[in-house]
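*Asks:* Sharing a structure here in C-alpha coordinates format.
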Amino acid sequence: MQPEIPPPITTIFISLIIGRTRWIKRTTFPARLGTRQEREYSIPVKLYKRPASERGVAEHGWLHARFSFSFANYFDPKHCGFHSLKVMNNDVIEPGGGFGTHPHQNAEIFTYVISGELEHKDSMGNGSVISPGNLQYLSAGHGVSHSEFNPSSENSTELYQIWMTPKENGGTPRYAEKNLGPNSVKNKLQLLFSGDGRQESVKIRQDAEFHFGQLDINSQICIDPSPQFPNCWIQVIDGNLLVESTDLKKADGLAIENRSEPLHVRASKTADFFVFQLPD
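If you're matching positions, the sequence shown starts at 3 in my numbering and goes up one per residue.
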(Lines of atoms letter the chains of each structure in order from A and count residues from 1; the text may use other names and numbers.)
(Lines give C-alpha, C1' and ligand atoms only; values in the text may rest on other atoms or scores of the structure.)
Protein backbone atom coordinates (compact mmCIF):
# COMPACT_ATOMS: atom_id res chain seq x y z
CA MET A 1 0.00 0.00 0.00
CA GLN A 2 1.31 3.41 -0.94
CA PRO A 3 1.86 5.88 1.94
CA GLU A 4 -0.93 8.44 2.08
CA ILE A 5 0.04 12.04 1.54
CA PRO A 6 -1.47 14.25 4.24
CA PRO A 7 -3.07 17.57 3.27
CA PRO A 8 0.05 19.71 3.88
CA ILE A 9 2.07 17.60 1.45
CA THR A 10 -0.77 17.71 -1.08
CA THR A 11 -0.71 21.49 -0.88
CA ILE A 12 3.04 21.48 -1.43
CA PHE A 13 2.72 19.12 -4.37
CA ILE A 14 0.08 21.26 -6.08
CA SER A 15 2.37 24.27 -5.75
CA LEU A 16 5.15 22.31 -7.43
CA ILE A 17 2.91 21.47 -10.39
CA ILE A 18 1.71 25.06 -10.72
CA GLY A 19 5.27 26.28 -10.51
CA ARG A 20 6.33 24.01 -13.36
CA THR A 21 3.87 25.73 -15.66
CA ARG A 22 5.39 29.08 -14.76
CA TRP A 23 9.09 28.36 -15.25
CA ILE A 24 8.84 26.19 -18.36
CA LYS A 25 7.80 29.23 -20.43
CA ARG A 26 10.66 31.47 -19.27
CA THR A 27 13.71 32.30 -21.32
CA THR A 28 16.58 29.87 -20.71
CA PHE A 29 19.91 30.76 -19.13
CA PRO A 30 22.46 31.53 -20.35
CA ALA A 31 21.07 33.65 -23.17
CA ARG A 32 21.48 32.14 -26.60
CA LEU A 33 24.78 33.20 -28.13
CA GLY A 34 23.70 33.48 -31.76
CA THR A 35 23.93 31.08 -34.69
CA ARG A 36 26.82 28.65 -35.04
CA GLN A 37 28.26 30.73 -37.88
CA GLU A 38 28.13 33.89 -35.74
CA ARG A 39 29.87 32.12 -32.86
CA GLU A 40 32.66 30.77 -35.07
CA TYR A 41 33.64 34.29 -36.12
CA SER A 42 32.88 36.57 -33.20
CA ILE A 43 31.78 34.94 -29.94
CA PRO A 44 34.19 33.09 -27.62
CA VAL A 45 33.49 30.00 -25.56
CA LYS A 46 31.45 30.80 -22.47
CA LEU A 47 31.75 28.85 -19.21
CA TYR A 48 29.51 29.37 -16.22
CA LYS A 49 29.78 27.52 -12.92
CA ARG A 50 26.64 26.79 -10.92
CA PRO A 51 27.90 26.12 -7.36
CA ALA A 52 25.91 23.65 -5.28
CA SER A 53 25.77 26.16 -2.43
CA GLU A 54 23.90 28.69 -4.58
CA ARG A 55 21.10 26.42 -5.79
CA GLY A 56 17.46 26.98 -4.94
CA VAL A 57 16.21 25.34 -1.76
CA ALA A 58 12.90 23.72 -0.81
CA GLU A 59 12.33 22.12 2.60
CA HIS A 60 9.02 20.34 3.14
CA GLY A 61 9.68 17.95 6.01
CA TRP A 62 9.59 14.76 3.94
CA LEU A 63 11.36 16.42 0.97
CA HIS A 64 14.69 18.25 0.92
CA ALA A 65 15.23 19.63 -2.59
CA ARG A 66 17.97 21.61 -4.30
CA PHE A 67 17.28 23.23 -7.68
CA SER A 68 19.98 24.13 -10.20
CA PHE A 69 17.30 25.85 -12.32
CA SER A 70 14.09 27.71 -11.51
CA PHE A 71 11.46 25.22 -10.36
CA ALA A 72 8.13 25.35 -8.52
CA ASN A 73 8.21 28.25 -6.02
CA TYR A 74 11.90 28.93 -6.64
CA PHE A 75 12.42 31.42 -9.46
CA ASP A 76 15.64 33.09 -10.52
CA PRO A 77 15.55 34.81 -13.93
CA LYS A 78 19.27 34.07 -14.38
CA HIS A 79 18.74 30.33 -13.94
CA CYS A 80 15.80 29.13 -16.02
CA GLY A 81 17.32 26.12 -17.70
CA PHE A 82 20.12 25.66 -20.22
CA HIS A 83 18.93 25.20 -23.82
CA SER A 84 16.74 22.04 -23.84
CA LEU A 85 17.84 21.12 -20.29
CA LYS A 86 15.14 22.53 -17.99
CA VAL A 87 15.29 20.75 -14.62
CA MET A 88 18.24 19.58 -12.52
CA ASN A 89 16.79 18.70 -9.12
CA ASN A 90 18.73 16.99 -6.34
CA ASP A 91 16.14 15.54 -3.93
CA VAL A 92 16.32 13.71 -0.62
CA ILE A 93 13.04 11.95 0.26
CA GLU A 94 12.47 10.83 3.83
CA PRO A 95 11.27 7.26 4.60
CA GLY A 96 7.70 6.71 3.39
CA GLY A 97 7.55 10.08 1.63
CA GLY A 98 6.94 10.78 -2.00
CA PHE A 99 4.86 12.29 -4.76
CA GLY A 100 1.33 10.97 -5.25
CA THR A 101 -0.08 10.36 -8.72
CA HIS A 102 0.40 13.45 -10.86
CA PRO A 103 0.45 14.27 -14.61
CA HIS A 104 3.20 15.25 -17.02
CA GLN A 105 3.06 16.35 -20.64
CA ASN A 106 5.74 17.09 -23.25
CA ALA A 107 8.75 16.43 -21.05
CA GLU A 108 11.68 13.99 -21.21
CA ILE A 109 12.20 12.94 -17.58
CA PHE A 110 15.25 11.11 -16.23
CA THR A 111 15.63 9.90 -12.64
CA TYR A 112 18.93 8.71 -11.18
CA VAL A 113 18.99 7.16 -7.70
CA ILE A 114 22.14 7.89 -5.69
CA SER A 115 21.15 6.09 -2.48
CA GLY A 116 18.07 4.32 -1.15
CA GLU A 117 15.27 3.25 -3.50
CA LEU A 118 12.47 4.88 -5.47
CA GLU A 119 9.20 3.11 -6.27
CA HIS A 120 7.56 4.17 -9.53
CA LYS A 121 4.08 3.44 -10.91
CA ASP A 122 2.51 5.01 -13.99
CA SER A 123 -0.64 5.08 -16.09
CA MET A 124 1.02 2.89 -18.75
CA GLY A 125 1.06 0.00 -16.29
CA ASN A 126 4.76 0.21 -15.42
CA GLY A 127 5.80 -0.43 -11.85
CA SER A 128 9.32 -0.86 -10.54
CA VAL A 129 11.74 -0.01 -7.77
CA ILE A 130 14.81 1.91 -8.93
CA SER A 131 18.02 1.06 -7.06
CA PRO A 132 21.22 3.09 -6.59
CA GLY A 133 23.20 3.69 -9.74
CA ASN A 134 20.26 3.06 -12.05
CA LEU A 135 18.33 5.44 -14.28
CA GLN A 136 14.71 5.67 -15.27
CA TYR A 137 13.44 7.40 -18.42
CA LEU A 138 9.88 8.63 -18.84
CA SER A 139 8.88 10.42 -22.03
CA ALA A 140 5.58 12.08 -21.15
CA GLY A 141 4.49 12.65 -24.75
CA HIS A 142 0.86 13.76 -25.02
CA GLY A 143 0.28 12.90 -21.36
CA VAL A 144 1.08 10.40 -18.62
CA SER A 145 0.52 10.14 -14.86
CA HIS A 146 2.83 8.53 -12.33
CA SER A 147 3.72 8.35 -8.65
CA GLU A 148 7.13 8.25 -6.96
CA PHE A 149 7.72 7.09 -3.39
CA ASN A 150 10.49 6.07 -1.07
CA PRO A 151 9.33 2.53 -0.14
CA SER A 152 11.61 2.27 2.88
CA SER A 153 10.40 2.83 6.44
CA GLU A 154 13.95 3.44 7.65
CA ASN A 155 16.23 4.89 4.97
CA SER A 156 16.07 8.13 3.01
CA THR A 157 16.40 8.23 -0.78
CA GLU A 158 18.65 10.65 -2.64
CA LEU A 159 18.21 11.18 -6.35
CA TYR A 160 18.56 13.50 -9.30
CA GLN A 161 15.56 14.24 -11.45
CA ILE A 162 16.36 15.84 -14.79
CA TRP A 163 13.99 17.19 -17.43
CA MET A 164 14.51 18.10 -21.06
CA THR A 165 12.04 19.57 -23.48
CA PRO A 166 11.29 17.28 -26.45
CA LYS A 167 12.14 18.30 -29.99
CA GLU A 168 8.43 18.10 -30.84
CA ASN A 169 5.38 17.98 -28.59
CA GLY A 170 2.97 15.07 -28.40
CA GLY A 171 3.47 11.40 -29.13
CA THR A 172 2.78 8.21 -27.19
CA PRO A 173 4.36 8.12 -23.71
CA ARG A 174 7.43 5.89 -23.31
CA TYR A 175 9.21 4.24 -20.40
CA ALA A 176 12.66 2.66 -20.12
CA GLU A 177 15.33 1.86 -17.55
CA LYS A 178 19.10 1.98 -17.92
CA ASN A 179 20.97 -0.21 -15.45
CA LEU A 180 24.53 0.86 -14.71
CA GLY A 181 25.46 -1.12 -11.60
CA PRO A 182 28.76 -3.02 -11.88
CA ASN A 183 28.68 -2.72 -15.68
CA SER A 184 29.43 1.00 -15.71
CA VAL A 185 32.58 1.82 -17.66
CA LYS A 186 35.28 3.67 -15.72
CA ASN A 187 37.52 6.44 -17.01
CA LYS A 188 35.48 7.09 -20.14
CA LEU A 189 32.05 8.46 -20.96
CA GLN A 190 29.16 6.03 -21.35
CA LEU A 191 26.36 7.17 -23.66
CA LEU A 192 23.03 6.44 -21.96
CA PHE A 193 20.43 8.40 -23.93
CA SER A 194 20.54 9.97 -27.38
CA GLY A 195 18.35 11.22 -30.20
CA ASP A 196 19.41 8.39 -32.52
CA GLY A 197 19.77 5.46 -30.10
CA ARG A 198 23.31 4.57 -31.14
CA GLN A 199 25.82 2.63 -29.02
CA GLU A 200 22.99 0.80 -27.24
CA SER A 201 21.71 4.06 -25.78
CA VAL A 202 18.01 4.63 -25.19
CA LYS A 203 16.47 6.76 -27.93
CA ILE A 204 14.84 9.96 -26.68
CA ARG A 205 12.70 12.68 -28.23
CA GLN A 206 15.44 15.31 -28.36
CA ASP A 207 18.59 15.77 -30.43
CA ALA A 208 20.81 15.59 -27.36
CA GLU A 209 23.22 13.22 -25.65
CA PHE A 210 23.18 12.19 -21.99
CA HIS A 211 26.42 10.57 -20.79
CA PHE A 212 27.52 9.10 -17.46
CA GLY A 213 31.13 9.25 -16.33
CA GLN A 214 33.18 7.64 -13.56
CA LEU A 215 36.77 8.77 -13.13
CA ASP A 216 39.37 7.39 -10.75
CA ILE A 217 41.52 9.96 -8.99
CA ASN A 218 43.91 11.73 -11.41
CA SER A 219 42.28 10.06 -14.42
CA GLN A 220 41.38 12.28 -17.35
CA ILE A 221 39.08 12.22 -20.36
CA CYS A 222 38.77 14.50 -23.36
CA ILE A 223 35.33 15.42 -24.68
CA ASP A 224 35.72 16.09 -28.38
CA PRO A 225 33.86 19.04 -29.91
CA SER A 226 30.81 18.41 -32.06
CA PRO A 227 29.22 20.91 -34.47
CA GLN A 228 25.91 19.22 -33.68
CA PHE A 229 26.30 19.83 -29.93
CA PRO A 230 28.08 23.15 -29.26
CA ASN A 231 26.60 23.36 -25.74
CA CYS A 232 27.46 21.20 -22.77
CA TRP A 233 26.36 20.88 -19.14
CA ILE A 234 28.43 18.89 -16.63
CA GLN A 235 26.83 17.91 -13.32
CA VAL A 236 28.96 16.38 -10.57
CA ILE A 237 27.15 13.67 -8.63
CA ASP A 238 30.01 12.95 -6.24
CA GLY A 239 33.72 13.69 -6.03
CA ASN A 240 35.81 16.50 -7.52
CA LEU A 241 36.50 17.40 -11.15
CA LEU A 242 38.79 19.88 -12.85
CA VAL A 243 37.28 20.96 -16.18
CA GLU A 244 40.02 22.91 -17.93
CA SER A 245 40.80 25.42 -15.14
CA THR A 246 37.41 25.23 -13.36
CA ASP A 247 37.20 23.23 -10.14
CA LEU A 248 33.93 21.38 -9.52
CA LYS A 249 32.87 19.68 -6.30
CA LYS A 250 29.92 17.48 -5.38
CA ALA A 251 26.62 18.81 -6.82
CA ASP A 252 28.30 21.66 -8.73
CA GLY A 253 27.27 22.22 -12.33
CA LEU A 254 29.11 23.78 -15.26
CA ALA A 255 27.61 25.26 -18.43
CA ILE A 256 29.75 25.53 -21.57
CA GLU A 257 28.48 27.32 -24.69
CA ASN A 258 29.96 27.74 -28.16
CA ARG A 259 32.32 24.81 -27.64
CA SER A 260 34.57 24.16 -30.63
CA GLU A 261 37.70 22.77 -28.93
CA PRO A 262 38.32 19.57 -26.93
CA LEU A 263 37.23 19.77 -23.30
CA HIS A 264 39.63 18.22 -20.79
CA VAL A 265 38.13 16.74 -17.62
CA ARG A 266 40.28 15.38 -14.78
CA ALA A 267 39.28 13.89 -11.44
CA SER A 268 41.10 15.47 -8.50
CA LYS A 269 39.04 13.05 -6.37
CA THR A 270 37.23 9.92 -7.58
CA ALA A 271 34.11 11.28 -9.27
CA ASP A 272 30.75 10.33 -10.75
CA PHE A 273 29.15 12.87 -13.09
CA PHE A 274 26.74 13.51 -15.95
CA VAL A 275 27.57 15.17 -19.27
CA PHE A 276 24.76 16.60 -21.40
CA GLN A 277 25.63 17.58 -24.97
CA LEU A 278 22.99 19.89 -26.37
CA PRO A 279 22.14 21.58 -29.66
CA ASP A 280 21.35 25.27 -30.01
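Glycine included, every Cβ here is placed at the ideal spot set by N, Cα and C. On a predicted model such as this, the values are computed, not experimentally measured, just so you know.
Among all the DSSP beta bridges, which residues are the ones paired with residue 66?
*Replies:* Paired residue(s): 61 and 94.
*Asks:* Just curious, the beta strand (DSSP E) that residue 146 is in, first and last residue?
*Replies:* Looking at the DSSP string, the run of the beta strand (DSSP E) that includes residue 146 is 146–151.
*Asks:* So who's on the other strand from residue 194, going by DSSP bridges?
*Replies:* The partner list for residue 194 (beta bridge, DSSP) is empty, contrary to what the question assumes.
*Asks:* For the beta strand (DSSP E) containing residue 114, list its first residue and its last residue.
*Replies:* Run containing residue 114: 110–117, per the beta strand (DSSP E) assignment.
*Asks:* Spatial neighbours of residue 53 within its chain, please: C-beta separation below 6 Å, excluding the five flanking residues on both sides.
*Replies:* Closer than 6 Å at the Cβ level, and outside the excluded window around residue 53, lie 254.
*Asks:* Can you list, in chain order, the residues of its chain whose CB lies under 8 Å from that of residue 209, leaving out five sequence neighbours each side?
*Replies:* Same-chain partners within the cutoff: 169, 197, 230 and 281.
*Asks:* So, is residue 245 buried or exposed, given that buried needs 16 or more other C-beta atoms within 10 angstroms?
*Replies:* Classification for residue 245: buried.
*Asks:* Can you tell me the Cα-Cα spacing of residue 69 and residue 200, whole angstroms?
*Replies:* Straight-line Cα distance between these residues: approximately 31 Å.
*Asks:* Helix, strand or coil, according to DSSP, for residue 55 in the structure here?
*Replies:* Residue 55: helix per DSSP, three-state reduction.
*Asks:* With the cut-off set at 7 Å, would you say residue 322 and residue 219 are in Cβ contact?
*Replies:* Residue 322 cannot be examined here, being either before or after the span of the chain that is shown, 3 to 282.
*Asks:* Have a look at the DSSP bridge pairing and note the partners of residue 182.
*Replies:* Paired residues: none, contrary to the question.
*Asks:* Any idea what DSSP makes of residue 127, helix, strand or coil?
*Replies:* Correct three-state label for residue 127: coil.
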